[in-house]
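Chains as they are written, first to last, in numbering that gives the first Met the number 0: chain B, 0 to 322; chain D, 0 to 333. Ideal Cβ positions, reconstructed from N, Cα and C, are used throughout, including at glycine. If you're wondering where the values come from, they're calculated on a predicted model, not measured in any experiment.
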Amino acid sequence: MSLEKTEHFEMYRRMQRIRCFEEAVKTLEVEGHLSIGQEGAIVGACMALRDDDFITGTHRSHGHPIGKGAKLKPLMAELLGKATGICGGRGGSMHLADFSVGVVGESAIVGGGIPLATGAGFSAQVRGTDQVSLCFFGDGASNQGTFGESMNLAAVWKLPVIFFCENNGYAISTSVEKSHGQPDIAKRADGYGMPGVIVDGQDALAVYRVTNDAVIRARKGDGPTLIEAKTYRFEEHCDNLNILIPYRSQEEINHHVTTRDPIDIYQASLLAMQKVTQRDLDTITSEVKLEVDAAVKFAQESAFPDPADIYQNMYSSPIDYSA
Amino acid sequence: MLDTIEKPPIADKYTTARLSYMDAIVLAQKEEMLRDESVVLIGEDISIYGGTELVKSFDENRVRNMPISENSFTGMGIGAAMTGLRPIVDLTIASFTYLASDQIINQASKLRYMTGGQIQVPIVFRTGMYYKIGNAAQHSDRPYPFFMSAPGLKIIVPSTPADMKGLLKSAVRDDDPVMIFEDCNLWAKKQQVSTDPDYLIPVGRADIKRAGSDVTIISIGACLPMVLAASDTLQKQGISAEVVDPRTLVPLDRETLIQSVAKTGRLVIVDNAHRTNSAASEIAAVIAEEAFESLRKPIQRVTTPDVHIPFSSVLEKTVYPTVADVIEAVNKIQ
Chain B
0 MSLEKTEHFE MYRRMQRIRC FEEAVKTLEV EGHLSIGQEG AIVGACMALR
50 DDDFITGTHR SHGHPIGKGA KLKPLMAELL GKATGICGGR GGSMHLADFS
100 VGVVGESAIV GGGIPLATGA GFSAQVRGTD QVSLCFFGDG ASNQGTFGES
150 MNLAAVWKLP VIFFCENNGY AISTSVEKSH GQPDIAKRAD GYGMPGVIVD
200 GQDALAVYRV TNDAVIRARK GDGPTLIEAK TYRFEEHCDN LNILIPYRSQ
250 EEINHHVTTR DPIDIYQASL LAMQKVTQRD LDTITSEVKL EVDAAVKFAQ
300 ESAFPDPADI YQNMYSSPID YSA
Chain D
0 MLDTIEKPPI ADKYTTARLS YMDAIVLAQK EEMLRDESVV LIGEDISIYG
50 GTELVKSFDE NRVRNMPISE NSFTGMGIGA AMTGLRPIVD LTIASFTYLA
100 SDQIINQASK LRYMTGGQIQ VPIVFRTGMY YKIGNAAQHS DRPYPFFMSA
150 PGLKIIVPST PADMKGLLKS AVRDDDPVMI FEDCNLWAKK QQVSTDPDYL
200 IPVGRADIKR AGSDVTIISI GACLPMVLAA SDTLQKQGIS AEVVDPRTLV
250 PLDRETLIQS VAKTGRLVIV DNAHRTNSAA SEIAAVIAEE AFESLRKPIQ
300 RVTTPDVHIP FSSVLEKTVY PTVADVIEAV NKIQ
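Shown next, in the form of structure tokens:
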């Protein structure tokens, strides 16, 4: 299945949204776990999903809701801890979960979202819908017990789940090389009885294609797929991290930034297909910048939560003792 | 003397049936699964220990036997709860809740709050406390106090068949995560229970199991038969004990407990959990803070000491609270 021109534009727009959003975050006084460099993997995967499909994400949570189509204002306001934030200022940088676009959770417990995504797939199967659930997780999470347990559960019950590993090479400062017995996480799929696919995570179109295949398979009831997108984190794990012993070289970072930028790669392939002009893309980028500027303004002008509301949403149905 | 073990509250148009505690566990789940097709049951070896009836009554779509992956099938239930189902997760033996505690605490209890109320997590975590039967320390935990420390969960410890049926059904209908701690020592206990399929006991309501005037004995979970036996003996001594069962530990029905202590002026709390940070400890703190002026004597806790549960029955039978311990604690504050 190939994308229509409007879908290409939407894919490009969402990638630029993540990039511009994150560039804006860098200028703000907030802690951020930035997705710059991983836009191709995130948006390529999300474009293969329907609006009513589910995703779960990770502590690097800004990109996933944007990739799934979330509005930027509540996300930016959340980063500033404002009442208008998507989580009312209770989540922050590691938890930009927007349920309205199907984000069931962004977990700061590494690997914590994998069972939740499996459950969203289980729910779709029990309810008899053809929704699918896509679970974003990193190379670090693949060493948690929830990875193996959930992969097995999904395979046993042929759940409509796509296990999508954003392998950016590093769990904070620990490289895949130093934490995995063999570097290709997708190879583990065979041990659980499902297909495993490796894809260049910097090539959004390639990511879209393999995810789309996995989605079709899941919707048909043929079960889960493990996709490993080899990607790269251009920025540090998060702000204010005191890295005294370098874990990756500046040469390595420069190589990825200058030759492996997912937006550059996608832009080049779009222009090569002659489907779009540079002007079309520039227009989208300009629109996105305005959108991000408006989100920052909205976030900055929004009020902080009222401390009197700190207990709000502890329970859905608190007990009324007066009754 | 009203004893609700013999006389449960019942709706007029329904009769009662004599049910065991185990029957009540099974019937509550069956009725709720018949009532609402979004209720599903997941867990290990479901067909054993009472689940046979559920396996026979519903297809595999709604009753799913799980591989031994407690943390992930618990998380799977949580993910399903956020996306349209009302799962009951059977965590079999209470010591296994530690394995599932990451998903229960870090996800189920926190997600509604952390998402600013965007979602609900209507899920029930059932687990059985198998102790006093020579299973040694890794199968004999009574870990409800551990989970009382995690805000966002509701925690239930039913002590009678009627309470089990009414509370388990309320838990399934509740929109928040509810942990229900069942007690294998009560499985065979029988009582007349309403056949009303909407027989519900509200979460967060204590029950006065026996009215009295001289001392309040707060009994947690399966301590109840033993506490009632102790109160019989105390009655013969001329001491009228009021036996109060909180039934729900979170949220705690403080009002009922405080009112009872205000009436009697004396408090003994009996809890099978380990002493440190037990449910008894929390209740003692609540009463000390909010009803200190009602107390004529210091609060007494009767608990299991901070020792692991030994295998040998000669050793094991020495650790849990007994009738004699309760009587001794009451006499100490006369």
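- A straight line joining the alpha-carbon of S19 of chain D with that of E30 of chain D spans about 16 Å.
- In the three-state reduction of the DSSP assignment, I104 of chain D falls in the helix class.
- Taking the Cβ atoms as the reference, A272 of chain D lies roughly 6 Å from A278 of chain D, within the contact range of under 8 Å.
- Counting the other CB atoms within 10 Å of its CB gives M272 of chain B a total below 16, which places it among the exposed residues.
- Boundaries of the beta strand (DSSP E) around N271 of chain D: 266–273.
- Three or more Cβ pairs closer than 8 Å define a contact, and the stretch 20–28 of chain D falls short of that threshold against the stretch 69–76 of chain D.
- Residues of chain D with a Cβ closer than 8 Å to the Cβ of R89 of chain B are, in chain order, Y112, M113, T114, G115.
- Around the CB of K208 of chain D, 16 or more other CB atoms lie within 10 Å, so the residue is classed as buried.
- Looking at the DSSP output, E300 of chain B shares a beta bridge with no other residue.
- For a Cβ distance threshold of 7 Å, residue set D173, D174, D175 of chain D lies close to S316 of chain B, ordered along the chain.
- Identification of chain B residues near F72 of chain D by a Cβ-Cβ cut-off of 7 Å yields L152, ordered along the chain.
- The closest CA to that of I326 of chain D, considering only D:L266, D:L98, D:T194, is found on D:L266.
- The C-beta distance from S34 of chain B to L84 of chain D rounds to 31 Å, too long to fall under 8 Å, and the pair is not in contact.
- By the rule that beta-carbons nearer than 8 Å mark a contact, H94 of chain B touches chain D.
- Relative to the Cα of F135 of chain B, the nearest Cα in the group B:G120, B:I113, B:R12 belongs to B:I113.
- Neighbours of F297 of chain B in chain D, taken as residues at a C-beta separation under 7 Å, are lacking, since the least C-beta distance is about 16 Å.
- Residue pairing for R85 of chain D: DSSP places it in a beta bridge opposite D:V38.
- Here L152 of chain D is not near V243 of chain D, since their CB atoms are 8 Å or more apart.
- By DSSP's assignment, D199 of chain B forms a beta bridge with B:K229.
- In terms of beta-carbon proximity, V39 of chain D lines the interface with chain B, with at least one pair separated by less than 8 Å.
- S1 of chain B counts as exposed, since fewer than 16 other C-beta atoms from the protein chains shown sit within 10 angstroms of its C-beta.
- Within chain B, the C-beta atoms nearer than 9 Å to that of Q106 of chain D come from G104, S106, I108, G111, G112, P114, L115, in chain order.
- Those residues of the stretch 34–58 of chain B placed with their C-beta closer than 8 Å to a C-beta in chain D are F53, T55, ordered along the chain.
- Only exposed fits H254 of chain B, as fewer than 16 other CB atoms lie within 10 angstroms of its CB.
- Annotation for S56 of chain D: K29 place their beta carbon closer than 7 Å to its own, counting only its chain and skipping 5 residues before and after.
- Taking a C-beta distance under 8 Å as the contact criterion, E227 of chain B and D183 of chain B qualify as a contact pair.
- Per DSSP, the unbroken beta strand (DSSP E) holding V177 of chain D starts and ends at 177–182.
- In summary, G78 of chain D is buried, with 16 or more beta-carbon neighbours lying within 10 Å of its beta-carbon over all protein chains present.
- Bounds of the alpha helix (DSSP H) holding C19 of chain B are 4–26.
- Approximately 7 Å separates the beta-carbon atoms of G115 of chain D and I85 of chain B; this is inside 8 Å, confirming the contact.
- Just measuring C-alpha positions, the residue of D:P86, D:I154, D:V62, D:E43 sitting nearest F95 of chain D is D:E43.
- In the three-state scheme derived from DSSP, where H, G and I count as helix and E and B as strand, S94 of chain D is classed as helix.
- Judged by beta-carbon spacing, I108 of chain B lies beyond the 8 Å limit of N276 of chain D, meaning their Cβ atoms are not closer than that value.
- DSSP places Q190 of chain D in the uninterrupted beta strand (DSSP E) bounded by 189–193.
- Look at the stretch 220–246 of chain B: it has no residue with a C-beta under 9 Å from a C-beta of chain D.
- The criterion of a C-beta distance shorter than 8 Å is satisfied by I308 of chain D and V318 of chain D.
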